[in-house]
Amino acid sequence: MEHIPQELLQSFRPPAFHHSYFLSFEGIEGSGKTTQIRLTKEFLEEKNFRVLILREPGGTTFGEHLRQAVLSTQTQLHPLAEAYLFAASRAQLLHEVVMKELSVPNTVIICDRYLDSTLVYQGKARNLGHRLILEIHQHFPLNLIPHKTFFLEIGLKVSKERQHTRNNPKDYFEGQGEAFYRKLIEGYQEVRELFPERICSIDGELVPDEVFAKIQQQLMVLLKTPHP
Ligand code: TYD
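Under this note's numbering, the letters of the sequence shown match residues 204 to 431, in that order.
As structure tokens, this is what we get:
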């Protein structure tokens, strides 16, 4: 695996707000993020947190325009163009929403995809390398990372089966071939090694309740641990 300098990795840290948490969910198509995000929201609301769900790309007016442009394009974008567009959408989301909302105590922001998606999709699958993606993100506010990331891990076979049962049209990334998906799976394993404490892998092939039981265990630990 590519060498990443320790100083670069250390420029990434969670936002320092008391009693507020920043979470993200990651996984390839069909990993069950939507269901688990909903269950997580319900669980945290029962614990009296104010919970906001954001999606990437998107989450701001500018980000939604970008989402539309990137996901519907017929043009094969240059990988660097993709990486900078996702980073631009993220910077705006952090500036406009994440920082502001997390400053309100007892808030949890759940992001459906975040930095790890760029590391995996553009860094690995589009061959830019993890280091370049981290360098693009190393300055404030892009250097803010979640307190915890739940990576729902599924194999290619399950991903394909679950995609077949959906009726919505394929977007730009969903139309990619098998080699692309293999790289995504490998990419997520590499990214987990870069951030072993933050990223928690969960077997996404289990039934939804079993998946959520594992997420819940991790959440309980997180809520009991004082912020760094
Ligand atoms: P979306 O419809 O949200 O997919 P999913 O339901 O799988 O989350 O589309 C987002 C697509 O954009 C998805 O294929 C992953 C891709 N993506 C990147 O390539 N880089 C990124 O940084 C992000 C956030 C998403």
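Don't be surprised by glycine CBs; every beta carbon is placed ideally from N, CA and C.
Classify Thr278: buried if its beta carbon has 16 or more other beta carbons within 10 angstroms, exposed otherwise. Around the beta carbon of Thr278, fewer than 16 other beta carbons sit within 10 angstroms, so the residue counts as exposed.
Just the C-alpha distance for Ile388 and Pro260, rounded to the nearest angstrom, thanks. In a straight line, the C-alpha of Ile388 is about 20 Å away from that of Pro260.
Between which two residues does the beta strand (DSSP E) holding Phe415 run? In this chain, Phe415 is not harboured by any beta strand (DSSP E); it is covered by the alpha helix (DSSP H) spanning 411-427.
What is the C-beta distance between Asp319 and Ile240, in whole angstroms, given that I count them as a contact (C-beta under 8 Å)? The beta-carbon separation of Asp319 and Ile240, rounded to 15 Å, does not stay under the 8 Å limit for a contact.
Proximal residues to Pro432 (C-beta, below 6 Å), its chain only, five neighbours per side dropped: Here the chain covers residues 204 to 431 and nothing more, so residue 432 does not appear.
Tyr224 (DSSP reduced to helix, strand or coil): Correct three-state label for Tyr224: strand.
Proximity test, Tyr287 beta-carbon vs ligand 1 heavy atom, cut-off 7 Å: Tyr287 has its CB no nearer than 7 Å to any heavy atom of ligand 1.
The beta strand (DSSP E) enclosing Glu356, as first and last residue numbers: Counting along the chain, the beta strand (DSSP E) containing Glu356 begins and ends at 351-356.
In three-state terms, what does DSSP make of Ile388? If DSSP states are grouped into helix, strand and coil, Ile388 belongs with the helices.
Between the Cα of Ile189 and those of Leu288, Thr243, Lys417, spot the shortest distance and give me the residue it belongs to. No answer is possible for residue 189: the residues shown for the chain start at 204 and end at 431.
Taking the beta carbon of Glu205 as the centre, do at least 16 other beta carbons fall within 10 Å, making it buried, or is it exposed? Answer is exposed; the Cβ neighbour count stays below 16.
In chain order, what are the residue ranges of uninterrupted alpha helix (DSSP H) at least 4 long that sit wholly in the region 261-347? Positions of the alpha helix (DSSP H) runs, each at least 4 residues long and wholly inside the region 261-347, are given as 264-275, 282-296, 302-305, 333-339 in order along the chain.
Quick one: residues in its chain with C-beta nearer than 8 Å to the C-beta of Glu377, no 5 flanking neighbours on either side, listed in chain order? Excluding positions up to five away in sequence, the list reads Glu232, Gln366.
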